[in-house]
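Following: one structure in C-alpha cells, then a few remarks.
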Amino acid sequence: ASGTPQLAVSSGSGAVAGTSSYDAATLTVSFVPSSPLTAGTDFTGTVSLDGTALAGGTWSFTTLATAASAVSFWPDTFTPTYPAWDDPDAVQVGLRFTTSTAGQVTAIRFYKGAANTGVHTVKLWDGSQTLLASAVSTTESASGWQTVPLASPVSLEAGQTYTVAYHSSTGHYAVEPNGLATALTAGPLTSAAPGGAYVYGTGFPGSTSSASYGVDLVFVPAG
Numbered sequence: 003a004s005g006t007p008q009l010a011v012s013s014g015s016g017a018v019a020g021t022s023s024y025d026a027a028t029l030t031v032s033f034v035p036s037s038p039l040t041a042g043t044d045f046t047g048t049v050s051l052d053g054t055a056l057a058g059g060t061w062s063f064t065t066l067a068t069a070a071s072a073v074s075f076w077p078d079t080f081t082p083t084y085p086a087w088d089d090p091d092a093v094q095v096g097l098r099f100t101t102s103t104a105g106q107v108t109a110i111r112f113y114k115g116a117a118n119t120g121v122h123t124v125k126l127w128d129g130s131q132t133l134l135a136s137a138v139s140t141t142e143s144a145s146g147w148q149t150v151p152l153a154s155p156v157s158l159e160a161g162q163t164y165t166v167a168y169h170s171s172t173g174h175y176a177v178e179p180n181g182l183a184t185a186l187t188a189g190p191l192t193s194a195a196p197g198g199a200y201v202y203g204t205g206f207p208g209s210t211s212s213a214s215y216g217v218d219l220v221f222v223p224a225g
C-alpha cells in the first residue's frame, strides 16, 4: 500500500479536530488534538491508509474525569467582624455541618486574630461525639486563616452530621455574630442553623450558637 498512515480520533460528538503525523523512522503515527480532550469522555482512535481503516488499527480509550475541587465555607478573603473576641479562657469552638455526598476532609481551617496566641488543636467529630481526627497547628501566620492538614484524610458519609472545631489554649477566638443564624451552604456542605458549637474543655463541643467562630474545613467530594 502507498500513502501515509493517518490517525483520527472521534467521540460520540463526532470527529476531534487535530493533526496527524507519521514518523517513518520509528513507524509511529501520532495525533495532536487542537484543544484538550474533554475529561471523562470515551474516544475512539482509528489508523487508516489511503482512507481505509487498517486491521487492528482501531481502539477505544477514556480520558480521566476531572478531579473534584476542594470545598470550604469561607474564602481566604473573609475576615470575621471580631477577629479575636475578648475571652481569655481556654475553649474549643467549631462548626456543625452535613454533606450531601461522600468525600474526605483533608484539613481544618480557622481564623486567627493577632491576640489569639497559644496552642491550637483542630478536631473532627462525628454525630456520635466520637473524635475522628485531631492535629496540632504548628505553622501559623500572625493572623488570618490557618489551614491545618490532617495526618490522613477522613472519609465522611452523606447525610451524617459532623463537627469541625479547634481548641485555643488562650481563648480570643474569632466571632461573626449571627454568622450561622441561618443555614449556610457551600457545594455539598450545609451548616444548619444554629451552626456554631463550643465547649470550655477538650471534649465534644455540644453547646450550640448562632455565631460563627471562624472554623472551616477542606472537603474533597468523592469522584
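Read in the working numbering, the sequence shown has 162 at position 160, and its numbers run on one by one without any break.
The beta carbon of each residue, even a glycine, is placed where N, CA and C say it ideally should be.
These numbers were taken from a predicted model, which means no experiment stands behind them.
Item	Value
Does the distance from the C-beta atom of Thr101 to that of Leu51 stay below 8 angstroms?	no
By a C-beta neighbour count over all protein chains shown, 10 Å radius and 16 as the cutoff for buried, is Asp218 buried or exposed?	buried
On the CB-based measure, 16 or more other CB atoms within 10 Å of its CB, does Ser1 come out buried or exposed?	Look at the range of the chain in this structure, 3 to 225, and you will see that residue 1 is not part of it.
Using alpha carbons as the reference points, say which of Trp87, Phe75 and Val93 lies closest to Arg111.	Phe75
The beta strand (DSSP E) that contains Gly59, what's its start and end?	Thr54 to Thr64
I'd like the list of long-range same chain contacts for Phe45, defined as Cβ closer than 8 angstroms, with 5 residues on each side in sequence excluded.	Val11, Ser12, Ser13, Val18, Leu39, Ser62, Phe63, Thr64 and Thr65
Can Gln131 and Ser139 be called in contact, C-beta distance under 8 angstroms?	no
Between Glu212 and Asn180, which are expected to be in contact by the criterion C-beta below 8 angstroms, what is the C-beta distance as a whole number of angstroms?	Note that residue 212 is Ser in the sequence shown here, rather than Glu. Confirmed, about 5 angstroms.
Taking only three categories from DSSP, how would you classify Ser23?	strand
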